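Just so you know, we're using full-length UniProt numbering here: the sequence shown kicks off at 1 and counts up by one.
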Amino acid sequence: MKLFVLGATGRTGHQFIDQAIEHGHDVTAFVREQKKLIRTPQLEIIEGDLYDIDALTEAMHGHDAVISCLGTDLSDPDFLASVTDKLVPAMKTNGISRVVYLASAGIDNEIPGLAGKAITFMLRKPLRDHRAAVDLWRNSSFDYTIVRPMQLTDGPRTSTYRTAIDEVPENGKHISRADVAQFMLHAIEEQEHVRESVGLAY
């Protein structure tokens, strides 16, 4: 497959690209500036403005799926929602229906107990932006998968994480970026969790 990746310079994005190439896929990284990435025969790097719908539409041509590993932007509280608002028409123009979006546990107030309330309060601004972006996908006709990991770590790939549809795994606290990337890639390859929101944790 040919995969179009946003957020490729982040730590989860790096993991996703490495694993996708390892599985033989061709990857395009659409980035604001080329850093920490090295172009290879399987990795095309395109620099562009995430707010530029024309640039996104042109760069996206010929791809099979879109993967967003973008994080929030402290300088723009509506960053994710604004970018997603541009992705929707760009995907429609290119006839791409499959998207995997990396969000965060807590966007649906699904983390139980006092700890969940505390986390949701502390992260209320980035969670609000993620939720606004996720609502755009949920209200669309796309074959989306929303990925909601608990606390991200830089641990190794274990392949032993747990999943929960619309909830978070019971007593789950954290998960490595490598395992999150593995889940995202598997969802694309196997066409699993289509139009579902999945919580991840160990």
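Virtual Cβ for every residue (Gly too), placed ideally from N, Cα, C.
Bear in mind the structure is a predicted one, so any value in this text is a computation, not a measurement.
Buried/exposed call for residue i, threshold 16 Cβ in 10 Å
i: Ser197; result: buried
i: residue 283; result: It is not possible to answer for residue 283, since the shown part of the chain is limited to 1 through 202.
i: Arg148; result: buried
i: Ile165; result: exposed
i: Ile38; result: exposed
i: Ser176; result: buried
i: Pro126; result: buried
i: His23; result: exposed
For residue j and residue i, the rounded distance between their alpha carbons
i: Thr93; j: Thr57; result: 7 Å
i: Tyr161; j: Tyr101; result: 18 Å
i: Thr84; j: Asp76; result: 14 Å
i: Gln34; j: Thr120; result: 33 Å
i: His14; j: Leu114; result: 33 Å
i: Trp137; j: Phe79; result: 15 Å
i: Lys117; j: Gln42; result: 43 Å
i: Glu167; j: Gln19; result: 26 Å
i: His61; j: Ile188; result: 18 Å
i: Thr72; j: Val31; result: 15 Å
For residue i, the residue or residues it bridges with in DSSP
i: Ser140; result: Answer is none; Ser140 lacks a bridge partner.
i: Ile45; result: Ala29
i: Leu56; result: In DSSP, Leu56 forms no bridge with anything.
i: Asp135; result: None; Asp135 has no bridge partner.
i: Glu196; result: Thr145
i: Ala65; result: Leu3, Arg98
i: Arg11; result: None, per the DSSP bridge assignment.
i: Ile165; result: Val198
i: Asp73; result: Asp76
i: Gln191; result: Per DSSP, none; premise fails for Gln191.
i: His174; result: Gln151
For residue i, three-class secondary structure by DSSP
i: residue 221; result: Since the first residue shown for the chain is 1 and the last is 202, residue 221 is missing from the structure and cannot be characterised.
i: Thr84; result: helix
i: Gln19; result: helix
i: Thr160; result: coil
i: Leu37; result: coil
i: Leu185; result: helix
ask   = Which parts of the region 102 to 128 are runs of the alpha helix (DSSP H), unbroken and 4 residues or longer, counting only runs that do not cross its ends?
value = 113 to 122
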